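Undergrad: In our numbering, the protein residues as written are 8 to 235. Pasting in a structure now, in structure tokens, and then I'll have a few things to ask.
Spelled out as structure tokens, the structure:
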């Protein structure tokens, strides 16, 4: 019996491909630096940025210093453009996502959030209308661990107070999240309702035949009903 549903955030409840997208190549182009050099420096500290060691501005400063291109103006420009992109993402929260959370609450099902995020994304999440629905929110930037670390899944299990096989895990599949959810004893479902929005080289995860799929948010409720 499913007693809890744990969600990923990006490409699950909201999409980074809504409105103005802003990825590492866009940052490099805006700042007038070599794309490949910047991407290498930027991605080298991705884990540290996602686990709360550096804010976005601190990470930009480190990356730009590595390629001898730092200025405060460049850091502020890139950080502000990231915020513009995130504003578009969270201004376009699908009504279907909110309705799904409302329906789960009305059924007495616990709701968890497990997400790998940077400092600016964390800020947007906690300010969003989605956030009050979560009984447990594990945000990598806050908790110092990230998917697919088993410790993060175990912490979610412990805080929800249910057995692993009573948890439905819903995500797009990035960061090998679904495989680890299955390894931990949860029931993983790959959501594909945002899949067509993504574009190369930023598609977080291909369609995985190893897992059941949900093409619409409401199908999560059907899955729960069929597994009572």
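Ideal placement from N, C-alpha and C gives every residue a C-beta, glycine not left out. Predicted, not measured: the structure shown is a model, and the values here were computed from it.
Short of 7 Å in beta carbon distance, which residues of its chain neighbour residue 209, apart from the five on each side in sequence? Order them along the chain.
TA: In the chain shown, residue 209 corresponds to position 202, counting from 1. Result list for residue 209: 30, in chain order.
Undergrad: State the CB to CB distance for the pair residue 108 and residue 137, rounded to an integer number of angstroms; the pair is presumed to be in contact (CB under 8 Å).
TA: Your numbering for residue 108 matches position 101 in the chain shown. Your numbering for residue 137 matches position 130 in the chain shown. Confirmed, about 7 Å.
Undergrad: At 3 residues or longer, what runs of the beta strand (DSSP E) sit wholly inside the segment 67-140?
TA: Within the segment 67-140, the beta strand (DSSP E) runs of at least 3 residues that lie entirely inside it are, in chain order, 117-122.
Undergrad: Check whether the Cβ of residue 198 lies closer than 7 Å to any heavy atom of the ligand MN, and answer yes or no.
TA: Of the ligands one can find in the structure shown there are none, so the ligand MN has no counterpart to examine.
Undergrad: Only counting the same chain, and skipping five residues up and downstream in sequence, which positions put a Cβ closer than 7 Å to that of residue 93?
TA: Numbered from 1 along the chain shown, position 86 holds the residue referred to as residue 93. For residue 93, the CB contacts under 7 Å within the same chain, skipping 5 residues up- and downstream, are 127, 128 and 131 in chain order.
Undergrad: Thinking C-alpha only, which one of 16, 12, 143 and 20 is nearest residue 124?
TA: As a first step, residue 124 must be located in the chain shown, where it is residue number 117. When only C-alpha atoms are compared, the closest one is 16.
Undergrad: Going along the chain, which residues of its own chain have a beta-carbon closer than 6 Å to the beta-carbon of residue 42, five neighbours each way excluded?
TA: What you label residue 42 is simply residue 35 of the chain shown in a count that begins at 1. Around residue 42, the same chain offers 32 and 35 as residues with beta carbons nearer than 6 Å, after the five sequence neighbours per side are excluded.
Undergrad: With H, G and I counted as helix, E and B as strand and the rest as coil, what does DSSP make of residue 146?
TA: Within the chain shown, numbered from 1, the residue matching residue 146 stands at position 139. In the displayed model, residue 146 falls within a strand according to three-state DSSP.
Undergrad: Measuring straight from C-alpha to C-alpha, what distance separates residue 141 and residue 119?
TA: One-based indexing of the chain shown puts residue 141 at position 134. One-based indexing of the chain shown puts residue 119 at position 112. If you take the alpha carbons of residue 141 and residue 119, they lie about 5 Å apart.
Undergrad: On the three-state DSSP scale, how would you describe residue 181?
TA: Counting from 1 along the chain shown, the entry for residue 181 is found at position 174. Of the three classes helix, strand and coil, the one that applies to residue 181 here is helix, per DSSP.
Undergrad: Could you compute how far the alpha carbon of residue 20 sits from the alpha carbon of residue 75?
TA: Here the question's residue 20 lines up with position 13 in the chain shown. Here the question's residue 75 lines up with position 68 in the chain shown. Cα to Cα, the separation comes out at about 38 Å.
Undergrad: I'd like to know if the segment 148-165 and the segment 181-192 are in contact, where contact means that at least 3 CB-CB pairs between them fall below 8 Å.
TA: The segment 148-165 is in contact with the segment 181-192.
Undergrad: What are the uninterrupted segments assigned as beta strand (DSSP E) that are 3 or more residues long and contained completely in the segment 143-228, given in chain order?
TA: The beta strand (DSSP E) runs lying completely inside the segment 143-228 and spanning 3 residues or more are 143-146, 174-178 and 194-198, given in chain order.
Undergrad: Between the segment 83-102 and the segment 204-218, do at least 3 Cβ pairs fall closer than 8 Å?
TA: no
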